[in-house]
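Report on the structure given below.
Residue numbers (full-length UniProt numbering), protein chains in the order written: chain A, 1 to 362; chain B, 1 to 362.
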């Protein structure tokens, strides 16, 4: 019997076991062709079918309207930090950026290379002193777009609402929340995501862009980040990351088989509640984010005594609970509960946390 | 017994059979960790060791001096078409580009977005009327750099010498020739290559850059293309394409086990000569490149009657000889004979070509 391992890495993250088994089985012989899918020309019919099917499955899952293009690009989320201003600031070089954590802050740094960026505060202190979210901003109605990050992977802060930006296109870095539940794509001008959390392996970014936003690029936009050129070339202006795209396609099929995003949303809510409820009831662990702003995907938690952190991690690893160390900015622990993490993984984590607390508790 | 298949794709191309077997075997359990290498955090010790070992093996293979940085980036060769001018034109925004075929031409288009590009003719007509290479140019001694493409994948034209550019840094797009034989790295300011030909799967670019060239970037260079920032972060300014990097590392180890680049050079020469000699002796097939400019890696050839092309390809596929269709610009056939292609593949191709010629010949 296989040793059970649960990988809580924030990204690159675990992929669904069924997907990994299929990928391994056909690794060297894809559909009887005698070669790996990664050895196929991206211009050949066999690979083109893989690519098109992945796109269609994503369109089905997210109910992406026909007036949106779906791009499969290289460069991850940080590539898109540059691509968004380079594609949207060609006519009007100013934008509003709502900053809620490290990732939205990093997006600002890239946008400032291209145009004028106004930073708006995404955080506010909730009534009980914990971190909460601002719900309205003095937005610039003449900005080219408003950018925000619906889920901050490091801080574990997530929007449970979509900001209202009026007629100004809303751009969202959904790297760590895409596909975790249904979302109304029509509320967005651009949705983008690095793949290595909820989509597939690292080295791929998915971009969903409304067609009317494809004609305002800066002339200096590099080809690999040029949405209009990539849309025209079906994301094959250059050789795409074919294997990552293929694996993303397997993940999309797996999500359909699980019942789609409604079903995933219910599961992800249940997984997150299991952990938050345990933490809130505990006097050994704590989470410092206000409940209204808590992430379903990335859950940081602190032990009551930081000097126990190493022992906690060592014991967790021995039980097959991996990659729980928190980001250095936040410290403590972090459990990432992306789609591929089964509820059994969260149950095993809570059981271990409880055992550890009793061993070292007050 | 496994069906023998030889994949002549120009890229994504075949990978060494031994590499693919190892990758498949450890696909879901890397070094007993219970997870795939693609599910490891790039910041963790397990993956960092993979990354560092790949770099060291490449340094050993190519004898890369200590004053060169080695970067593992996203965006492929076309990403580097943009990265080179963005990293080198910040102080002096002009460069010379030697154009020998489609790829060096595409590099010009990206560089023109950044600065002044002077195009120099890389081709000349040889004495016998076939395509040969220019051997000297009126170079601008005040240019920021000279760019060329030592092997043009589409046309099958390859430099058998390194252009002398004096004190001006020489930048080479080696996508389809890197690792095919020993090369004197010290002759270059920058060597770059998309991985999907002689290094690994698509979605990765390797850049070898002399340290003194890291301080002349344009301020607007996107982070994912910023050599200095990437060098400082060991290519992990953002999440790198971890699985492609790992596979590249396996290929580097395989190359070492084959005897390194001296041994590969001898093999690649022998493979290419086998096919060229057959074509030259045939009155059914022809190659239109002058012998002094012929590529070892990509060998286009024409049938004497284009109307036989489809029958040729169909028969080849039936014998397990795949992806021989030539690029649409050149037409006819193209056999790419990268490192992973064994001589047995070329022997099988020549045997099939001979049989086909006899069936359809004059």
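Just so you know, even glycine gets a beta-carbon here, dropped at the ideal spot from N, CA and C.
Given the structure is predicted, the values throughout are model-derived calculations rather than measurements.
Below-8 Å beta-carbon distance, residue i vs any chain A residue
{"i": "residue 223 of chain B", "result": "yes"}
{"i": "residue 28 of chain B", "result": "yes"}
{"i": "residue 42 of chain B", "result": "yes"}
{"i": "residue 319 of chain B", "result": "no"}
{"i": "residue 146 of chain B", "result": "no"}
{"i": "residue 344 of chain B", "result": "no"}
{"i": "residue 242 of chain B", "result": "yes"}
{"i": "residue 113 of chain B", "result": "yes"}
{"i": "residue 211 of chain B", "result": "no"}
{"i": "residue 316 of chain B", "result": "no"}
{"i": "residue 220 of chain B", "result": "yes"}
{"i": "residue 1 of chain B", "result": "Since pLDDT at residue 1 of chain B reaches only 44, below the 50 mark, its modelled position is unreliable, and no value is offered."}
{"i": "residue 355 of chain B", "result": "no"}
{"i": "residue 323 of chain B", "result": "yes"}
{"i": "residue 20 of chain B", "result": "yes"}
C-beta contact flag for residue i and residue j at 8 Å
{"i": "residue 239 of chain B", "j": "residue 47 of chain B", "result": "no"}
{"i": "residue 312 of chain A", "j": "residue 303 of chain A", "result": "yes"}
{"i": "residue 179 of chain A", "j": "residue 264 of chain A", "result": "yes"}
{"i": "residue 77 of chain A", "j": "residue 157 of chain A", "result": "no"}
{"i": "residue 203 of chain A", "j": "residue 244 of chain B", "result": "yes"}
{"i": "residue 146 of chain B", "j": "residue 119 of chain B", "result": "no"}
{"i": "residue 256 of chain B", "j": "residue 66 of chain B", "result": "no"}
{"i": "residue 168 of chain A", "j": "residue 139 of chain A", "result": "yes"}
{"i": "residue 223 of chain B", "j": "residue 83 of chain A", "result": "no"}
{"i": "residue 220 of chain B", "j": "residue 108 of chain A", "result": "no"}
{"i": "residue 406 of chain A", "j": "residue 87 of chain A", "result": "Absent from the structure is residue 406 of chain A, since the part of chain A shown begins at 1 and ends at 362."}
{"i": "residue 340 of chain A", "j": "residue 14 of chain A", "result": "yes"}
{"i": "residue 207 of chain A", "j": "residue 22 of chain A", "result": "no"}
Per-residue burial, residue i [other beta carbons within 10 Å of its own, 16 or more giving buried]
{"i": "residue 37 of chain A", "result": "buried"}
{"i": "residue 217 of chain A", "result": "buried"}
{"i": "residue 42 of chain B", "result": "buried"}
{"i": "residue 173 of chain A", "result": "buried"}
{"i": "residue 4 of chain A", "result": "exposed"}
{"i": "residue 1 of chain B", "result": "Summary for residue 1 of chain B: the model assigns pLDDT 44, below 50, so the residue's position carries little reliability, and this model does not support an answer."}
{"i": "residue 329 of chain A", "result": "exposed"}
{"i": "residue 17 of chain A", "result": "exposed"}
{"i": "residue 306 of chain A", "result": "exposed"}
{"i": "residue 69 of chain B", "result": "buried"}
{"i": "residue 96 of chain A", "result": "buried"}
Proximal residues of chain A, C-beta to C-beta of residue i below 9 Å
{"i": "residue 334 of chain B", "result": "Those within 9 Å of residue 334 of chain B in chain A number zero; the least Cβ separation is about 11 Å."}
{"i": "residue 16 of chain B", "result": "Here the premise fails: no neighbours, minimum Cβ distance about 11 Å."}
{"i": "residue 264 of chain B", "result": "Within chain A, no residue comes near residue 264 of chain B; the closest Cβ sits about 19 Å away, beyond 9 Å."}
Boundaries (first-last residue) of the alpha helix (DSSP H) holding residue i
{"i": "residue 336 of chain B", "result": "Note, residue 336 of chain B: premise wrong, no alpha helix (DSSP H); beta strand (DSSP E) at 333–336."}
{"i": "residue 173 of chain A", "result": "Unbroken run through residue 173 of chain A is the beta strand (DSSP E), 170–173; no alpha helix (DSSP H)."}
{"i": "residue 201 of chain B", "result": "Residue 201 of chain B -> no alpha helix (DSSP H), and no H or E assigned at all."}
{"i": "residue 76 of chain B", "result": "76–88"}
{"i": "residue 111 of chain A", "result": "102–111"}
{"i": "residue 266 of chain A", "result": "260–281"}
{"i": "residue 316 of chain A", "result": "309–318"}
Chain B contact residues for residue i, given Cβ-Cβ distances below 9 Å
{"i": "residue 237 of chain A", "result": "78"}
{"i": "residue 174 of chain A", "result": "Residues of chain B passing the Cβ test: none, with the nearest at roughly 15 Å."}
Interface flag, residue i vs chain B, CB-CB below 8 Å
{"i": "residue 196 of chain A", "result": "yes"}
{"i": "residue 169 of chain A", "result": "no"}
{"i": "residue 110 of chain A", "result": "yes"}
{"i": "residue 55 of chain A", "result": "no"}
{"i": "residue 63 of chain A", "result": "no"}
{"i": "residue 369 of chain A", "result": "Any question about residue 369 of chain A goes unanswered here, given that chain A covers just 1 to 362."}
{"i": "residue 82 of chain A", "result": "yes"}
Residue i - containing beta strand (DSSP E), residue span
{"i": "residue 70 of chain A", "result": "68–73"}
{"i": "residue 226 of chain A", "result": "From DSSP, residue 226 of chain A is part of no beta strand (DSSP E); its letter is neither H nor E."}
{"i": "residue 253 of chain A", "result": "Counting along the chain, residue 253 of chain A falls outside any beta strand (DSSP E), though it belongs to the alpha helix (DSSP H) covering 242–257."}
{"i": "residue 133 of chain B", "result": "131–133"}
Within chain B, partners of residue i - CB distance below 8 Å
{"i": "residue 24 of chain A", "result": "24, 27 and 28"}
{"i": "residue 74 of chain A", "result": "74, 75, 76, 79, 203 and 241"}
Neighbour list for residue i in chain A, Cβ cutoff strictly below 7 Å
{"i": "residue 7 of chain B", "result": "35 and 39"}
{"i": "residue 12 of chain B", "result": "38, 39, 40, 41, 42, 239 and 242"}
Residue i: contacting residues in chain A (beta-carbon distance under 8 Å)
{"i": "residue 202 of chain B", "result": "38, 42, 239, 240, 241, 242 and 243"}
{"i": "residue 297 of chain B", "result": "None at all; the shortest Cβ gap to chain A is about 15 Å."}
{"i": "residue 337 of chain B", "result": "By Cβ distance, chain A contributes nothing, its closest Cβ being about 15 Å from residue 337 of chain B, past 8 Å."}
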